[in-house]
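Have a look at the structure below before the remarks.
Chains as they are written, first to last, in the UniProt record's numbering: chain X, 1 to 345; chain P, 1 to 348.
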């Protein structure tokens, strides 16, 4: 294989902290039982994240990227959502088999999450200082005063000016970018090993987005966290990710390190996505489109879920689900013709 | 260039800020749009970019005369649209139409697609006689790439991209000359976004439309626009052709904005210099004196707080730029990076 790169090794692992594999999702299956029928939202998702690594989960709305994250965090709404199979291993222990008490202990300290919409994720009637300090009081048994001092330190770490005064303010007194910083401070308070960021900058302006992504990258490097970045933005992914998992209709259709994926995508859906985005550094380019619409999760097409929209579909595609085939040490593709695609160019 | 179809001069829109319940008192104004001037030429696309709160959507509303401006004028083919009375205004609206951002809330859920797209014909019965309306609607559906047989369906039976197509068909119904598009693709998924952008381009060629294309996504605006205006806090800070703005920007804000846009190419990480802006956008109720960008600008001098920089061509800039110190800056959007990995053109 000529196009195989060796994945960047994470920089020296932080002392006293296990390096290597932190979180592994294996063959996860989730369905939503709705009035209209059973929506198979996740159909066998497998990915992992190591210490100090950024995994980007890329997909359009309805691809199941956020539901996977919610399932990992254990905040899936049940009903309608039900986990019907698979494992989520954190340090080799299956979280789906744990008691709710054990899972609660992992949340915050083991795995934490940053949500897209910081305004609705924060409680409007408490000061941000109180909300951050709450974790120190409840989980670390700190006094009110000490926990508040720690909260101010956290705000300082996410570069909010005047942290000591601002901990006494309410979420609505912060701007969008600052609120997202508060969210990040809150999720990092208990020093988690894995951080899941679900579209952390989608609601923000570009200049603020750049600030927040920089901040996340810095904090991650400092703490050697594993970062799962969920996004639909191919630009943001190219900037920060080490590895990428592309999702479509509840499956991972391609996984590769970031350079491979952009230079030589191995799935027709990834190719279509890359060709359909306008680029700021190019002018007059022709936008190709992916024909048709993403499938309804109530009625996922047979075989390869992408076949009705795929320009290279063959008779085998509606017949057989293509497995996620390993093409090299760091890349895999779920297309019957992946090997031909990689060789092409 | 060809003739101007729309001439916008010194457009100002202030919204009063009131305090008190019984005795209302105006304590200030949100200066949403403050002295915006530009021309729209026939058959061109003028992109308007800016971050949230810069007044670009207010501009759309004022241009459509959905809001009356505080001052200023807009001439459509020589006619001041704010001096028109009801009848004249109704006629004018035939020529200037709006496509809105959110395809989920801008369509009445109780009306069928046929009613939604056919409604303009009810208001302007002289455009299409009653018996031909249904056929006209079906033609429009076909033009925007929807199945004409779906004429009796309701909006909820369509996806986001399809709904945006319905919105576009409705705007096209009266064969307007100008369409104001307010963030028409920002609510759509990547693969659908490209479909709608291609549709807008196709329609422009087919019907000779002029677009005012308002968006926050700089890549999308570059793709569609012939000329681009960059807004900050209610003012245009720089205006020029797509090349002038993206290749040779001279206003610090434009430069910062462009440098912050993520490029979908991992090789560009190395040679990318993001200009970091500090702080937040100031409140439009109480904008900074002089140049509104000076509070976040790395070039700010004493003159910036004293004098409002005019939007004009300066010796150091080949197109209008509202900065006392306008000058080119190398590599704002890096091309070098792109060359490394020019994606092979695939024929699929």
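Each residue gets a CB set at the ideal place from its N, CA and C atoms; glycine is no exception.
- In the assembly as shown, residue 131 (chain P) is an exposed residue. Its beta-carbon has fewer than 16 other beta-carbons within 10 Å.
- Interface flag for residue 258 (chain X) against chain P is set, since a Cβ pair is found closer than 8 angstroms.
- If you ignore the 5 residues before and after residue 90 (chain P), its C-beta comes within less than 8 angstroms of the C-beta of 123 and 124, all in its own chain and listed in chain order.
- Contact annotation: residue 26 (chain X) and residue 86 (chain X) have beta-carbon atoms nearer than 8 angstroms.
- Residue-level contact check: residue 248 (chain X) does not touch chain P, since none of the beta carbons of chain P fall below 8 angstroms from its beta carbon.
- For residue 218 (chain P), the chain X residues whose Cβ falls inside 8 angstroms of its Cβ are 206 and 280, in order along the chain.
- For residue 272 (chain X), the residues of chain P that pass the 7 angstroms Cβ criterion are 191, in the order they occur in the chain.
- Contact residues of the segment 41 to 57 of chain P toward chain X are 51 and 52 (C-beta to C-beta distance below 8 angstroms).
- Among the residues of chain X, none has a CB under 8 angstroms from the CB of residue 236 (chain P); the nearest is roughly 18 angstroms distant.
- Closer than 9 angstroms at the C-beta level to chain X, one finds these residues of the segment 131 to 161 of chain P: 159, 160 and 161.
- Annotation for residue 59 (chain P): the continuous alpha helix (DSSP H) segment containing it runs 56 to 63.
- Across the structure, residue 133 (chain P) and residue 150 (chain P) are spaced so that their CA atoms are roughly 15 angstroms apart.
- Distance from the CA atom of residue 133 (chain X) to the CA atom of residue 159 (chain X), rounded to whole angstroms, is 17 angstroms.
- Residue 312 (chain P) sits in a strand when the DSSP states are folded into three classes.
- Two segments are said to touch when three or more pairs of C-beta atoms, one from each, lie closer than 8 angstroms; by this definition the segment 23 to 31 of chain P does not touch the segment 291 to 305 of chain X.
- Taking the beta carbon of residue 86 (chain X) as reference, no residue of chain P falls within 7 angstroms; the closest one sits roughly 26 angstroms away.
- Residue-level contact by beta carbon fails for residue 59 (chain P) and chain X, as no gap is shorter than 8 angstroms.
- Near chain P, meaning a CB-to-CB distance below 8 angstroms, the residues of the segment 307 to 329 of chain X are 311 and 312.
- For the set X:303, X:290, X:47 and X:301, the Cα lying nearest the Cα of residue 21 (chain X) is the one of X:47.
- Counting C-beta pairs closer than 8 angstroms gives three or more between the segment 41 to 60 of chain X and the segment 213 to 232 of chain X, which meets the contact rule.
- Within the same chain, 41 and 42 come within 8 angstroms of residue 3 (chain P) by CB-CB distance, once the 5 residues on both sides are set aside.
- Against chain P, a Cβ distance below 7 angstroms from residue 99 (chain X) picks out nothing, because the smallest value is about 39 angstroms.
- Residues of the segment 51 to 85 of chain X whose Cβ lies closer than 7 angstroms to any Cβ of chain P, in chain order: 60 and 61.
- Sequence-distant partners of residue 107 (chain X) (beyond 5 residues in either direction) whose C-beta falls short of 8 angstroms from its own C-beta, in its chain, are 73 and 74.
- Counting along the chain, residue 276 (chain P) sits inside no alpha helix (DSSP H), nor does DSSP assign it H or E at all.
- Each of P:126, P:70, P:81 and P:193 was checked against the Cα of residue 173 (chain P), and the nearest Cα belongs to P:126.
- For residue 255 (chain P), the nearest beta carbon of chain X is not closer than 8 angstroms to its own beta carbon.
- The beta carbon of residue 266 (chain P) sits closer than 8 angstroms to some beta carbon of chain X.
- Around the beta-carbon of residue 234 (chain P), 16 or more other beta-carbon atoms lie within 10 Å, marking it buried.
- Ranking X:83, X:118 and X:269 by CA distance to the CA of residue 172 (chain X) puts X:118 first.
- In this structure, residue 318 (chain X) keeps its C-beta atom at 8 angstroms or more from the C-beta atom of residue 336 (chain X).
- Chain P places no beta carbon closer than 8 angstroms to that of residue 118 (chain X), leaving this residue out of the contacts.
- For residue 13 (chain P), the enclosing beta strand (DSSP E) begins and ends at 4 to 19.
- Residue 52 (chain X) counts as buried, since no fewer than 16 other beta carbons sit within 10 angstroms of its beta carbon.
- DSSP assignment within the segment 201 to 260 of chain P yields the following whole alpha helix (DSSP H) runs of 4 residues or more, N-terminal first: 218 to 224, 242 to 247 and 252 to 260.
- For residue 277 (chain P), the nearest beta carbon of chain X is closer than 8 angstroms to its own beta carbon.
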